[in-house]
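Quick notes on the structure that follows.
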Amino acid sequence: MKTPFLILAAFLLVNAAHAQSGFGSADVSSGEGEIGADSFDVSDMTPDDQTPTGKFTTAAEVGPILQMTKGNWAAVREYDGQDLVYWSHIFSWRCGLKGAKYSINDAPLQDLPMPECHMKYQQPNSILNDEALMTFHRHELGSVKSVRIDVLLDNLTTQSVTLLRENILIP
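Structure, rendered in structure tokens:
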């Protein structure tokens, strides 16, 4: 009984912090679950069943979490003479997604390759073995000024955010 309360309390704190931060940009879309956003072609897709699994594998389960934690969707780290852009947060909730796209500095959107969900395990969103190497991309040092991420949830709604370097730079 303590676990659901702690999870709820954590999400409420995160939501309050992000409401104050503005997600790092004045040019941030709301991502309230827009159907058929222009970054994804959903014409030949059907929404997945939204019956909660308790394993966070549906849009019904991960959508609210992603909405509240948009400021964490990407991170930038200066390391070994490069900018590393981390996607760990998106990967952690990927099992409720049909896809994701990203753009660095307003470049054209491109697909964000993600590992498959590991449905045979208790925690299907886990990152296993070499999948950890997929959680970041390398760029020239100081070159990443903004990161846009669009996600397509498995109910065929989308969420999107644009994050500024200074607000997602980590040590």
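So the sequence shown is residues -19 to -1, 1 to 152, counted in mature numbering (1 follows the signal peptide of the UniProt record, and there is no 0).
Heads up, the beta-carbon is just placed ideally off N, CA and C, and yes, glycines get one too.
Please return the same chain residues whose Cβ sits closer than 8 Å to the Cβ of residue i, not counting the five positions on each side in sequence.
i, result
"residue 19", "none"
"residue 87", "127 and 129"
"residue 75", "81, 95, 96, 98 and 106"
Can you list, in chain order, the residues of its chain whose CB lies under 6 Å from that of residue i, leaving out five sequence neighbours each side?
i, result
"residue 17", "Residue confidence for residue 17 is low, a pLDDT of 45 falling below 50, so the modelled location carries little weight and cannot support an answer."
"residue 69", "116"
Going straight from the alpha carbon of residue i to that of residue j, what length do you get?
i, j, result
"residue 48", "residue 140", "7 Å"
"residue 134", "residue 122", "32 Å"
"residue 99", "residue 38", "10 Å"
"residue 67", "residue 114", "10 Å"
"residue -16", "residue 73", "Below a pLDDT of 50, predicted positions are generally treated as unreliable, and residue -16, at 47, falls in that range; the measurement from the model is reported next regardless. Approximately 18 Å, taken between the alpha carbons."
Check whether the Cβ atoms of residue i and residue j lie closer than 8 Å to each other.
i, j, result
"residue 125", "residue 85", "yes"
"residue 93", "residue 79", "no"
"residue 54", "residue 109", "no"
So, with DSSP's three-state summary, where would you put residue i?
i, result
"residue 48", "helix"
"residue 97", "coil"
"residue 137", "coil"
"residue 41", "helix"
"residue 144", "strand"
Residues in the same chain with beta-carbon distance under 7 Å from residue i, minus the five sequence neighbours each way, listed in chain order, please.
i, result
"residue 77", "37, 38, 39, 40, 42, 43, 44, 134 and 135"
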